[in-house]
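Going by the numbering used here, the letters in the sequence shown line up with residues 25 to 111, in that order. Here's the structure we're looking at; comments come further down.
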Amino acid sequence: MQHYLVYTLYLFFIILMIINLIYMLRGIIPLGSFINNILDNLMKPLLCPVRYLVKHSILKCIKVDISPYIILIVLSYLQAVCKYFLV
């Protein structure tokens, strides 16, 4: 039973990484406004806390929004932890 839970989390983190990558690429690849609204609604719960932490840290002087990159790093770490428990 525990194996299925870890595998489900592993797949969930993969899906979140794909959504995050599409969100990051939307500035380069023009997407429709409908897709942009969906991506905004999906990523807002993840981006708001990270943006708050970045805004109140030493990184606040950076003019580029690095929160999607931080989310990508955290998700890849969580995915590696799940992969470790699957082996």
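Where a beta carbon is used, it is the ideal one built from N, C-alpha and C, also for glycine.
In the DSSP assignment, D64 falls within the alpha helix (DSSP H) that extends over S57 to K79. By alpha-carbon distance to M67, the top candidate from V78, L110 and I42 is I42.
When rounded, the separation of the alpha-carbon atoms in P69 and L35 is 19 Å. Contact check for M48 against P92 passes: the beta carbons are separated by less than 7 Å. In the three-state reduction of the DSSP assignment, M25 falls in the coil class.
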